[in-house]
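Following: one structure in structure tokens, then a few remarks.
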Amino acid sequence: MSPESKKLFNIIILGVAFMFMFTAFQTCGNVAQTVIRSLNSTDFHGSGYTSMAIIYGVFSASNLITPSVVAIVGPQLSMFASGLFYSMYIAVFIQPFPWSFYTASVFIGIAAAVLWTAQGNCLTINSDEHTIGRNSGIFWALLQSSLFFGNLYIYFAWQGKTQISESDRRTVFIALTVISLVGTVLFFLIRKPDPENVLGEDESSDDQDLEVNESAQNNMTKAVDAFKKSLKLCVTKEMLLLSITTAYTGLELTFFSGVYGTCIGAINKFGTEEKSLIGLSGIFIGIGEILGGSLFGLLSKNNRFGRNPVVLLGILVHFIAFYLIFLNMPADAPIAPVEGTNSSAYIRPSKEVAILCSFLLGLGDSCFNTQLLSILGFLYSEDSAPAFAIFKFVQSICAAVAFFYSNYLLLHWQLLVMVVFGFLGTISFFTVEWDAAAVVARGSDYRSI
């Protein structure tokens with residue numbers, strides 16, 4: 001297998017492994033608040049929003065140390081260990097208790113930080129400046145296929161149900177746990193790229209043997225260097241500007257992955273289909289994500305206009321979706337009680353409009369995330385682990401804040417927050433993209449404001 005074929009194989013395996021893991025996790029996140037509402041009539045008392053706030057809060061804090069962890073352990077083993085914790089979190093729902101539910105939320109927050117830093121590192125070392133756009137698109141399309149499969153099952157299994165029974169819950173979460181474990185094992189199929197391609201320079205076999213023998217001291221040096229690079233990157237002009245865009249992706253991630261499905265499931269005017277519509281919504285979010293990832297991955301080969309047009313398309317699609325959701329969904333839908341809400345917004349709640357908005361949310365999200373992955377891999381090819389750790393730090397802390405306020409804010413206020421951050425994030429991304437070539441020409445001579 002040629003070096004380029006081996007890299008492409010690694011990207012595909014990476015995407016397929018994430019597809020399995022996040023078929024389980026994203027389906028779990030999509031239905032968690034609805035399942036917990038059904039459980040709250042029993043001895044269990046908890047909140048899916050609070051759990052997600054804990055996950056993303058711990059996730060954000062853990063990103064400060066994950067470059068060091070990945071530098072020592074390596075991306076493959078880091079992703080495998082993280083996958084085990086993802087599976088543990090999903091398994092908690094088979095027989096949930098408040099203490100195990102919230103404890104698992106803490107552990108998966110740490111695991112997620114390691115997983116995504118290792119993913120960014122793996123994506124970058126298997127790409128170059130010519131293939132990073134293509135590889136980001138391939139990975140994103142495979143990852144977001146996860147939204148399709150799990151939610152397809154939810155749609156058919158929960159058809160016509162207004163409450164989720166214990167047997168329904170156990171069947172779903174046992175299956176999701178097994179699927180997550182399958183994805184975790186797949187990480188072992190990723191092969192190490194040829195040394196010269198990974199390091200960007202020729203090294204003799206003697207140098208490589210010497211490097212292997214420098215064990216404990218070398219690992220500690222790697223950990224310290226990775227941490228220092230993270231701190232240095234934090235204050236560069238480019239990273240600070242991209243952080244605004246990243247913050248927006250954290251807010252809208254919370255909305256489409258947790259809040260929007262809960263809103264659909266709470267609208268009584270959708271009739272007996274309200275719970276199965278959560279699954280259908282997830283499917284159409286996935287279709288939008290897959291379409292966007294596939295399309296922008298192919299276009300990146302012959303893209304003369306850079307990344308800005310894709311991001312512009314993303315924000316326009318999202319603004320259309322937000323406006324339609326504002327018209328279609330009652331304001332109290334995110335915080336409705338277990339009985340649901342009988343309120344209306346400015347038009348009578350329409351299932352068709354709700355599902356169209358799901359597709360638009362997925363398409364817009366893929367526009368932003370594929371281009372952020374691409375520009376980070378392009379700007380920071382030599383320091384990918386610290387760069388992706390900062391990206392996930394900002395995204396996750398904003399997601400945590402959004403999950404927290406989702407317990408209290410009415411829908412139209414949540415939409416307004418996303419509109420403001422979306423506009424500012426788009427402008428800041430444009431600024432970085434216009435200067436991207438000059439930044440790469442400067443190399444690792446980071447410029448702070």
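Residue numbers (the UniProt record's numbering): 1 to 449.
For each residue, glycine too, the CB sits at the ideal point set by N, CA and C.
Since the model is a prediction, treat every value here as computed from it, not as a measurement.
Should arginine 447 be labelled buried (16 or more other beta-carbon atoms within 10 Å of its own) or exposed?
Residue mapping note: residue 447 aligns to position 447 of the sequence shown, counting from 1. Its pLDDT being 41, under 50, arginine 447 is placed unreliably by the model, and nothing is read from it.
Helix, strand or coil for proline 3? Go by DSSP, reduced to three states.
On the sequence shown, position 3 is the one that residue 3 refers to. In this structure, proline 3 counts as helix in the three-state DSSP scheme.
Should glutamine 95 go down as buried or exposed, given a rule of 16 or more other Cβ atoms within 10 Å for buried?
Stepping through the sequence shown from its first residue, residue 95 is reached at position 95. By the 10 Å Cβ count, glutamine 95 comes out exposed.
Counting pairs of Cβ atoms below 8 Å between the region 425-432 and the region 336-351, do you hit three or more?
Counting Cβ pairs under 8 Å, fewer than three are found: no touch.
Within 10 angstroms of its Cβ, does proline 330 collect 16 or more other Cβ (buried), or is it exposed?
Position 330 of the sequence shown, counted from the start, is the residue given in the question as residue 330. Answer is buried; the Cβ neighbour count reaches 16.
How far does the alpha helix (DSSP H) with phenylalanine 270 in it reach, from first residue to last?
In the sequence shown, residue 270 corresponds to position 270, counting from 1. Careful: phenylalanine 270 lies outside any alpha helix (DSSP H) and carries neither H nor E.
For alanine 24 and tryptophan 140, what's the separation of their Cα atoms in angstroms?
Position 24 of the sequence shown, counting from 1, holds the residue named residue 24. Position 140 of the sequence shown, counting from 1, holds the residue named residue 140. Distance between the alpha carbons of alanine 24 and tryptophan 140 is about 16 Å.
DSSP state of threonine 236, grouped into three classes?
For this step, residue 236 is matched to residue 236 along the sequence shown. If DSSP states are grouped into helix, strand and coil, threonine 236 belongs with the strands.
Helix, strand or coil, according to DSSP, for threonine 131 in the structure here?
Residue 131 sits at position 131 when you count from the first residue of the sequence shown. Residue state, collapsed to three classes: coil.
Do the region 377-395 and the region 116-126 make contact, defined as three or more Cβ pairs closer than 8 Å?
The region 377-395 vs the region 116-126: in contact.
Using only the alpha-carbon positions, how far apart do valine 86 and methionine 52 sit?
Locating residue 86 in the sequence shown gives position 86, counting from the first residue. Locating residue 52 in the sequence shown gives position 52, counting from the first residue. Correcting the residue type first, residue 86 is tyrosine in the shown sequence and not valine. Distance between the alpha carbons of tyrosine 86 and methionine 52: 13 Å.
Rounded to the nearest angstrom, what separates phenylalanine 18 and proline 386 at their Cα positions?
Within the sequence shown, residue 18 is the residue found at index 18, counting from 1. Within the sequence shown, residue 386 is the residue found at index 386, counting from 1. Answer to the nearest angstrom: the Cα atoms are 21 Å apart.
Cβ atoms of glycine 150 and phenylalanine 20: under 8 Å apart, would you say?
As a working note, residue 20 is residue 20 in the sequence shown. As a working note, residue 150 is residue 150 in the sequence shown. No, these two residues do not count as a Cβ contact at 8 Å.
Compute the Euclidean distance between the alpha carbons of alanine 111 and valine 70, then round it to the nearest angstrom.
The count along the sequence shown starts at 1 and reaches residue 111 at position 111. The count along the sequence shown starts at 1 and reaches residue 70 at position 70. Going from the Cα of alanine 111 to the Cα of valine 70 covers about 12 Å.
Based on Cα-Cα distance, which residue from Leu409, Ala321, Ala399 lies nearest to glycine 362?
Taking the first residue of the sequence shown as position 1, residue 362 is located at position 362. With distances taken between Cα atoms, glycine 362 lies closest to Ala321.
Smallest Cα separation from alanine 152: which of Ala113, Gly261, Thr236, Thr27?
As a working note, residue 152 is residue 152 in the sequence shown. A quick correction: the sequence has leucine, not alanine, at residue 152. The candidate whose alpha carbon is nearest that of leucine 152 is Thr27.
Let me check one thing: in DSSP terms, what residues is threonine 341 bridge-paired to?
Start at 1 with the first residue of the sequence shown, and residue 341 comes out as number 341. Partner(s): Ile267.
Three-state secondary structure (DSSP) at asparagine 393?
Here residue 393 refers to the residue found at position 393 when the sequence shown is read from its first residue. First, the amino acid is wrong: residue 393 is phenylalanine here, not asparagine. Reduced to three states, the DSSP call for phenylalanine 393 is helix.
With distances taken between CB atoms, is the gap from phenylalanine 59 to alanine 104 smaller than 8 Å?
Translated into the one-based positions of the sequence shown, residue 59 becomes position 59. Translated into the one-based positions of the sequence shown, residue 104 becomes position 104. Result no, Cβ atoms of phenylalanine 59 and alanine 104 do not sit closer than 8 Å.
Under the rule that 16 or more other beta-carbon atoms within 10 Å means buried, what is arginine 134, buried or exposed?
For the purposes of this step, residue 134 is taken as residue 134 along the sequence shown, with counting starting at 1. Flag for arginine 134 reads buried.
Does the count of Cβ pairs from the region 361-376 and the region 275-289 closer than 8 Å reach three?
Contact between the region 361-376 and the region 275-289 is present, because at least three Cβ pairs lie under 8 Å.
Cα separation between asparagine 121 and leucine 84?
Counting from 1 along the sequence shown, the entry for residue 121 is found at position 121. Counting from 1 along the sequence shown, the entry for residue 84 is found at position 84. Roughly 20 Å between the two C-alpha positions.
Evaluate lysine 192 with the Cβ neighbour count: other Cβ atoms within 10 Å of its Cβ, from every protein chain shown; 16 or more gives buried, anything less gives exposed.
Here the question's residue 192 lines up with position 192 in the sequence shown. With fewer than 16 Cβ atoms within 10 Å of its Cβ, lysine 192 is classed as exposed.
If we count the other Cβ atoms within 10 Å of its Cβ and call it buried at 16 or more, is glutamate 339 buried or exposed?
Your numbering for residue 339 matches position 339 in the sequence shown. Classification for glutamate 339: exposed.
Three-state secondary structure (DSSP) at leucine 64?
Position 64 of the sequence shown, counted from the first residue, corresponds to residue 64. Looking at leucine 64 - three-state DSSP - the assignment turns out to be coil, as it is neither helix nor strand.
With DSSP run on the structure shown, which of helix, strand or coil describes aspartate 435?
Residue 435 sits at position 435 when you count from the first residue of the sequence shown. Reduced to three states, the DSSP call for aspartate 435 is helix.
Am I right that methionine 88 and phenylalanine 107 are in contact with their C-beta atoms under 8 Å? What's the rounded C-beta distance?
Counted from its first residue, the sequence shown places residue 88 at position 88. Counted from its first residue, the sequence shown places residue 107 at position 107. Confirmed, about 7 Å.
Any C-beta of chain D sitting closer than 8 Å to the C-beta of tyrosine 260?
Annotation note: the requested chain D is absent from the structure, which comprises a single protein chain.
Please work out which residues of its chain come closer than 6 Å, Cβ to Cβ, to tyrosine 155, disregarding the five sequence neighbours upstream and downstream, and give them in chain order.
Residue mapping note: residue 155 aligns to position 155 of the sequence shown, counting from 1. Closer than 6 Å at the Cβ level, and outside the excluded window around tyrosine 155, lie Ser276, Gly279, Leu280.
For residue 498, tell me which candidate among Leu241, Leu324, Phe368 has the shortest Cα-Cα distance.
The requested residue 498 is not part of the displayed model; the chain covers only 1 to 449.
Can you tell me where the alpha helix (DSSP H) with arginine 348 in it begins and where it stops?
Numbered from 1 along the sequence shown, position 348 holds the residue referred to as residue 348. Premise fails: arginine 348 is in no alpha helix (DSSP H) and is neither H nor E.
Does aspartate 194 come out as helix, strand or coil in the three-state DSSP assignment?
In the sequence shown, counting from the first residue as 1, residue 194 sits at position 194. Coil at aspartate 194, not helix or strand.
Assign histidine 318 to one of two classes, buried (16 or more other C-beta atoms within 10 Å of its C-beta) or exposed (fewer than that).
Sequence index remark: in the sequence shown, residue 318 carries index 318 (1-based). Under this definition histidine 318 is a buried residue.
Out of Asp194, Ile244, Ala175, Ser38, which has the shortest C-alpha to C-alpha gap to phenylalanine 22?
Position 22 of the sequence shown, counting from 1, holds the residue named residue 22. The residue with the shortest Cα to Cα distance from phenylalanine 22 is Ala175.
Are the Cβ atoms of alanine 354 and leucine 251 separated by less than 8 Å?
Start at 1 with the first residue of the sequence shown, and residue 354 comes out as number 354. Start at 1 with the first residue of the sequence shown, and residue 251 comes out as number 251. Cβ atoms of alanine 354 and leucine 251: not closer than 8 Å.
Taking aspartate 332 as part of the alpha helix (DSSP H), name the residues at either end of that continuous run.
Translated into the one-based positions of the sequence shown, residue 332 becomes position 332. Here aspartate 332 belongs to no alpha helix (DSSP H), and DSSP marks it neither H nor E.
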